[in-house]
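Each remark here refers to the structure printed beneath this line.
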Amino acid sequence: MKIVSIFAGKLYALKYVGQSQNELRRLLAFWQDPQVVYNFLKANTADLPKNKTIFQLAEMIADDAETIEDTLNQLTNDEFNRLEEFFKPLNNLETNIRSLSLQKGREQYLRLYSIKIDDNCFLITGGAIKLTRFMEERSHTADELGKIKQCRDYLGTQGIFDIDSLQEWIKEQ
Numbered sequence: 355m356k357i358v359s360i361f362a363g364k365l366y367a368l369k370y371v372g373q374s375q376n377e378l379r380r381l382l383a384f385w386q387d388p389q390v391v392y393n394f395l396k397a398n399t400a401d402l403p404k405n406k407t408i409f410q411l412a413e414m415i416a417d418d419a420e421t422i423e424d425t426l427n428q429l430t431n432d433e434f435n436r437l438e439e440f441f442k443p444l445n446n447l448e449t450n451i452r453s454l455s456l457q458k459g460r461e462q463y464l465r466l467y468s469i470k471i472d473d474n475c476f477l478i479t480g481g482a483i484k485l486t487r488f489m490e491e492r493s494h495t496a497d498e499l500g501k502i503k504q505c506r507d508y509l510g511t512q513g514i515f516d517i518d519s520l521q522e523w524i525k526e527q
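Under the working numbering, think of the first position of the sequence shown as 355, with each following residue one higher.
What follows is the structure in structure tokens.
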């Protein structure tokens, strides 16, 4: 696993062994590929909302992926650095933010999963098309939950707890 800088000092993404792209780029490409999204939705028809067709959902997902990309670009390039407006605690009931807290960025059915490294600094660990209420209900979202927890634990063992320790670790790699 490698940590790749997306917007220096603000947004990072994991690049897993065997993958050609970091998680942000991989997910945006996946979500914007109509055939791949159609196949995913077809395989998960039981979870689809009753008032939407597969084609409508596929179009929404592609549009939402573009919205996520635009939002991240805007939030990382503005002078106020407001990434915390996009990423929220993974657990909706979490109120106190601790070191290396699990976070999510969302747009309707899409989720970007991240770890909060520091104020307005996040590491994207993965993402999913989420059609059910709880991550544990489907294997693809349960896998993402496992990845984010495993990454958080790994960062802890490497002594990464803020932006300075993350940047130092990246330099040493």
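Every residue, glycine too, gets a C-beta built ideally from N, C-alpha and C.
How would you write the range of the beta strand (DSSP E) that E461 sits in, first residue to last? Your numbering for residue 461 matches position 107 in the sequence shown. Unbroken beta strand (DSSP E) run through E461: S455 to E461.
Simplified DSSP assignment, three categories, for D472: Within the sequence shown, residue 472 is the residue found at index 118, counting from 1. Three-state DSSP puts D472 in a strand.
Outcome for S468 when other beta-carbon atoms lying within 10 angstroms are tallied against a minimum of 16: Taking the first residue of the sequence shown as 1, we reach residue 468 at position 114. When all chains shown are included, S468 counts as buried.
Assuming E439 contacts L429 (C-beta within less than 8 Å), just tell me the rounded distance between them. Position 85 of the sequence shown holds residue 439. Position 75 of the sequence shown holds residue 429. By a beta-carbon distance limit of 8 Å, E439 contacts L429. Their separation comes to about 6 Å.
Rounded to a whole number of angstroms, what is the C-alpha to C-alpha distance between L402 and Y392? Counting from 1 along the sequence shown, the entry for residue 402 is found at position 48. Counting from 1 along the sequence shown, the entry for residue 392 is found at position 38. Approximately 12 Å between the Cα atoms of the pair.
Could you check how far apart the C-beta atoms of L454 and F515 are, in whole angstroms? I think they sit under 8 Å. The count along the sequence shown starts at 1 and reaches residue 454 at position 100. The count along the sequence shown starts at 1 and reaches residue 515 at position 161. Yes, L454 and F515 are in contact; Cβ-Cβ is about 7 Å, under 8 Å.
According to the neighbour-count rule (16 or more other Cβ atoms, all chains shown, within 10 Å of its Cβ), is F488 buried or exposed? Numbered from its first residue, the sequence shown carries residue 488 at position 134. Classification of F488: exposed, given that the 10 Å Cβ count is below 16.
When you compare only the Cα positions, how much space is there between M414 and G372? Residue numbering aside, residue 414 sits at position 60 when the sequence shown is read from its first letter. Residue numbering aside, residue 372 sits at position 18 when the sequence shown is read from its first letter. Distance between the alpha carbons of M414 and G372 is about 30 Å.
Unbroken beta strand (DSSP E) runs of length 3 or more, entirely within the segment 413-452: which are they? 441-443
Alpha carbon to alpha carbon, how far is I471 from K501? Give it in angstroms, no decimals. For the purposes of this step, residue 501 is identified with residue 147 of the sequence shown, where counting begins at 1. For the purposes of this step, residue 471 is identified with residue 117 of the sequence shown, where counting begins at 1. Note on geometry: alpha-carbon atoms of K501 and I471 lie some 16 Å from one another.
Could you give the first and the last residue of the continuous alpha helix (DSSP H) run that contains K369? For the purposes of this step, residue 369 is taken as residue 15 along the sequence shown, with counting starting at 1. Here K369 belongs to no alpha helix (DSSP H); instead the beta strand (DSSP E) covers L365 to K369.
Closer than 8 Å: L509 CB and nearest the ligand PLP heavy atom: The model on display carries no ligand, and the ligand PLP is accordingly not part of it.
Residue span of the beta strand (DSSP E) that contains K356, given as start and end: Here the question's residue 356 lines up with position 2 in the sequence shown. It spans K356 to F361 - the beta strand (DSSP E) in which K356 sits, taken as one unbroken run.
Can you give me the start and stop residues for the alpha helix (DSSP H) that P388 sits inside? Position 34 of the sequence shown, counted from the start, is the residue given in the question as residue 388. P388 to A397 is the extent of the alpha helix (DSSP H) around P388.
How is T479 classed by DSSP in three states: helix, strand or coil? For the purposes of this step, residue 479 is identified with residue 125 of the sequence shown, where counting begins at 1. Of the three classes helix, strand and coil, the one that applies to T479 here is strand, per DSSP.
Status (buried if at least 16 other CB within 10 Å, exposed otherwise) for N431: If you number the sequence shown from 1, residue 431 lands on position 77. Taking all protein chains in view, the Cβ of N431 is surrounded by fewer than 16 other Cβ atoms within 10 Å, so the residue is classified as exposed.
Environment of Y366 [buried if 16+ CB atoms lie within 10 Å]: Along the sequence shown, read from residue 1 onward, the residue named residue 366 stands at position 12. Under this definition Y366 is a buried residue.
For R465, which three-state DSSP category applies? As a working note, residue 465 is residue 111 in the sequence shown. DSSP places R465 in strand when its eight states are reduced to three.
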